[in-house]
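Protein chains in written order, with the numbering used here: chain P, 1 to 432; chain W, 433 to 864.
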């Protein structure tokens, strides 16, 4: 029998408490699956006395989380505090200094300080595992770094934020406005009281940067990601998209394009009968497109204590089995900076929502602008006529470039009969 | 730099040739991802001269596949001949005798001789990796054995046979009869000239037995699987199911029930708006339901040279990274025989297709039988009236037991006004 693997957990919030519970409840099973006893020996959290429905009386308590790494009776440091600096970073540094493996759910740390973590790893005998940092319980890091390791990755994309997906699903089912559904989501605990990190696409961008790093062997870096959140989506868009055979989803997309990697987080139209359209509520889903395997979809719960704990403990199982891998799947010295493609060069078809005064000649003016920029119309939808106020007109285009569509939007917004700036969304059918 | 990993491939059919091509094409990438050169040194196949669009002139040729294992310049034996006995078994035995790792796509071998392979492994320093044996390119073995290793698995189920899924998808889209679509599938190469292995559910059962073994730490064994294929499905069933809000899919299901593991392969009704209903054509999809993670879905191409090669080479990557695992994820000595649940005790709701003469009192007779067996009706559909010949009547039930529904079917088939045996399908909503 191998030595027990001694676990120190820093951070006992929702996820930390679930990890504690899982390790306590499934001790026998984990012993069978790893050949080693997996034993929690130390914890640290903000408050020792908070009720978490777990019994921490038999493990050592550290007031300072960094002491979890320093503890000689801790073999693996589980960092569940979050944050890209401060105690989380200090703890990871200390653990790697001491050559101890780290397991973390901290996406902000990897997305903002990927280069720093890679530098630390070059000098350390330790490792950093982060299955829980992206898409909660879905084993997407393992899928990308191991399961599809035989493939050159063409693209990785999907629904990476459960809060946005819940809001868009609810808007779709109820026809309610964004603000109404957001409030409901906040009441149910699906959205934070300050929801901007989720609904403005920042959380999804953090996750995408990590997937992109794995897919293309690069340092995760959010700064190359084009980000648009879901605040601008109206019940009108949901209804028109549905009539056109689409659902609206906030997608993170990273793909190999001419000249580099294209990365974006933005609401997109996806075909109603596609599997990704059927991903409802707080679920996440990630497609990985490899040159030999084709497209593989992974779907499941992207957040929550128990699903995230499943991912954290799968990393612990890998450490116990002696199988931790380099951060980005290749030697840290070989990880390069990401070469970003010019976003203006990207191709695609688009959905354009306009609010126009219902006057003779409006559509002719708009059509002329499209023609001048060589953008070809796929469809024009207008609902309702009202001479006294603006009415919605929806255009969809055939394939064009981001540059052309932006110029079109700019020109259209200058028309007197157009009362608000055009709202653009990409139509993603992923047929490539 | 570590030593090169020298690969011997036995079997150069569709998959073997793709593996050869992948390893040749992605040599640099695999070197980067594993830290070792992955080099093919030897091959064996039935005919040396067959044109496969690969250049085998620079590797050693063996007429006898077992010599691939004997070759001192082969570190890893890749078995792609198939078959549960004969040369494939001899090759695996020899490789394990010599302590060499084996990578295989051979589901029949594992499903029929799992216990024998486990015995060989107990005495060997080698390993057997088999990602390609189930669901082609989808990394479901890795997902189950590693990605979700922190969970007690409650169930694993899904679409495991692309031929059947193609046929059912086509029937659904075209309304054509089974025999017509089968012929088309044969012409397109999606079905074998003798299709029974696929359409009678045997192939899916082989795969399910392997998933079940991994999920529950048992020896794979097809003999405990209740198997029904798709020959009996008519366009009527497809249409009625659609009216009721369902699609028909051939599902393999293994789940923890009272008294043991329930295992079945059979056509089932799944809700039309569920992600599994959107799995079309030759795709495969597998759900894994774990106690912490909840339900995780993996979807992708379940067959074909390139997707299967992706899985084979992911196993080679694991071997190159020094990460091969025990066959069933736990020490071979700990793998137990599967304890099967009594299939008659399983619960569920059912779809029943009857052909009845449209005479007064028929529905009353049928209803009385249901009542006598305490089976509660959810809906009754009848289309068309014709006093001269039998018309279809579709019943759906609330939850009952397999035993009750079989008795009901038996009683109903004895009614004079019922012209053919009732056709039963389970309704699987997977809400549990």
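The C-beta atom is built at its ideal place from N, Cα and C for all residues, glycine as well.
For residue 458 (chain W), the C-beta contacts it makes with chain P under 9 Å involve 150, 151, 152, 291 and 292, in order along the chain. Chain order gives no chain P residues near residue 783 (chain W), where near means a beta carbon separation below 8 Å; the closest approach is about 22 Å. DSSP places residue 29 (chain P) in the helix class (H, G or I) of the three-state scheme. Rounded to whole angstroms, residue 628 (chain W) and residue 697 (chain W) show a C-alpha spacing of 14 Å. Between the stretch 621 to 639 of chain W and the stretch 746 to 759 of chain W there are fewer than three C-beta pairs closer than 8 Å, too few to call the two in contact. Not flagged as an interface residue toward chain P: residue 639 (chain W), since no C-beta distance is shorter than 9 Å. Looking at the DSSP output, residue 783 (chain W) bridges to W:828 and W:857. Residue 157 (chain P) is positioned such that its CB atom lies closer than 9 Å to that of residue 289 (chain P). Every alpha helix (DSSP H) stretch that sits fully inside the stretch 500 to 531 of chain W and reaches 4 residues is listed by chain position as 518 to 529.
For residue 121 (chain P), the enclosing alpha helix (DSSP H) begins and ends at 107 to 122.
Between the stretch 632 to 645 of chain W and the stretch 555 to 570 of chain W there are three or more inter-stretch CB-CB distances shorter than 8 Å, so the stretches are counted as touching.
Look at residue 861 (chain W): its C-beta is not under 9 Å from any C-beta on chain P. Note that the C-beta distance between residue 162 (chain P) and residue 283 (chain P) is below 9 Å. Chain P has a Cβ within less than 9 Å of the Cβ of residue 731 (chain W).
Distances from the alpha-carbon of residue 476 (chain W) to those of W:507, W:443 and W:447 put W:443 closest. Under the three-state reduction of DSSP, residue 803 (chain W) is assigned to helix. Here residue 413 (chain P) is actually not in contact with residue 356 (chain P); their C-beta atoms are around 11 Å apart, not less than 8 Å.
In terms of Cα proximity to residue 672 (chain W), the closest of W:704, W:694 and W:458 is W:704. Residues of chain W with a Cβ closer than 9 Å to the Cβ of residue 306 (chain P) are, in chain order, 723, 724, 725 and 726. Relative to the Cα of residue 441 (chain W), the nearest Cα in the group W:509, W:667, W:645 and W:599 belongs to W:509. For a cut-off of 8 Å, the C-beta gap from residue 109 (chain P) to residue 84 (chain P) is around 5 Å, short enough to register as a contact. Here residue 328 (chain P) carries a coil assignment [DSSP, helix/strand/coil]. For residue 129 (chain P), no Cβ of chain W is located within less than 9 Å of the residue's own Cβ. Contact between the stretch 740 to 752 of chain W and the stretch 653 to 667 of chain W is absent: fewer than 3 CB-CB pairs across the two stretches fall below 8 Å. A straight-line Cα-Cα distance of about 16 Å links residue 121 (chain P) and residue 213 (chain P). Cβ-Cβ distances below 8 Å link residue 217 (chain P) to 328, 329, 330, 334, 335 and 336 in the same chain, with the five nearest sequence neighbours on each side left out; the list follows chain order. The C-beta of residue 447 (chain W) comes no closer than 9 Å to any C-beta of chain P.
Residue pairing by DSSP places residue 694 (chain W) opposite W:687 in a beta bridge.
Look at the beta carbons and you see the stretch 493 to 501 of chain W touching the stretch 513 to 527 of chain W: at least three pairs across the two are nearer than 8 Å.
Not flagged as an interface residue toward chain W: residue 281 (chain P), since no C-beta distance is shorter than 9 Å. Leaving aside the five residues that flank residue 685 (chain W) on each side, the residues in its chain whose CB is nearer than 6 Å to its CB run, in chain order, 589 and 696.
Bounds of any alpha helix (DSSP H) do not take in residue 225 (chain P), whose DSSP letter is neither H nor E. If you check the CB distance, residue 221 (chain P) and residue 111 (chain P) come in under 9 Å. Uninterrupted beta strand (DSSP E) stretches at least 3 residues long and entirely within the stretch 447 to 497 of chain W occur at 470 to 476, given in chain order. Remark: C-beta atoms of residue 269 (chain P) and residue 247 (chain P) approach each other more closely than 9 Å. The DSSP-derived three-state label of residue 667 (chain W) is helix.
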